[in-house]
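In what follows, a single structure is set out as structure tokens and then discussed.
Numbering (the working numbering), first residue to last: 374 to 535.
And the structure:
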């Protein structure tokens, strides 16, 4: 694989691409793929998983003996209440919000190179979430909506694996 610096890439991308020339077309395709790869870091994926994962406030109470007895007798297991969700502290919320805003900026630059039809609705939702101000008690739900909007755009972009 050939490494191309930013200046060379900018020069090559600024030149008109002759669609008859397969080499130039392939180069433009590969440069757009590498640009997209730079915009989506593993750190962003880890943060998306952190926001969307369950965040139990307290460890669940163990009722394994009673559950085992119910199963042995052929009864269904007891219903368990939904776990309480631990709120994010202010430092984590600010870090995640900042990372999502940087990811939004990167996705806005990358998405035109990766999709056939420009996803206007998804990007509008992403921009609205970027500019939204939330109350401290709604931070987790806001970040989850923001994470789902980012995932929707990433899903439209597809996978780099060939």
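Note that beta-carbon positions come from the ideal geometry of N, C-alpha and C, so glycine has one too.
Kindly indicate the opening and closing residues of the alpha helix (DSSP H) around residue 424.
415-425
Only counting the same chain, and skipping five residues up and downstream in sequence, which positions put a Cβ closer than 8 Å to that of residue 409?
In this predicted model, residue 409 has a pLDDT of only 49, less than 50, meaning its place in the structure is not dependable enough to derive any value.
Classify residue 527 as buried or exposed, calling it buried when 16 or more other Cβ atoms lie within 10 Å of its own Cβ.
Classification for residue 527: buried.
For the candidate residues 525, 522, 513, whose alpha-carbon lies nearest to that of residue 426?
513
How far does the alpha helix (DSSP H) with residue 493 in it extend, from its first residue to its last?
493-504
To the nearest angstrom, report how far apart residue 446 and residue 473 are at their CA atoms.
50 Å
Residue range of the alpha helix (DSSP H) that includes residue 528:
Unbroken alpha helix (DSSP H) run through residue 528: 512-530.
Is residue 490 helix, strand or coil when you go by DSSP?
coil
According to the Cβ coordinates, are residue 498 and residue 522 closer than 8 Å?
yes
For a quick check, are the C-beta atoms of residue 518 and residue 502 less than 8 Å apart?
A contact, by the Cβ cut-off of 8 Å.
Please state the DSSP three-state secondary structure of residue 448.
coil
Buried versus exposed, by CB contacts within 10 Å (16 or more), residue 439
exposed
According to the neighbour-count rule (16 or more other Cβ atoms, all chains shown, within 10 Å of its Cβ), is residue 476 buried or exposed?
buried
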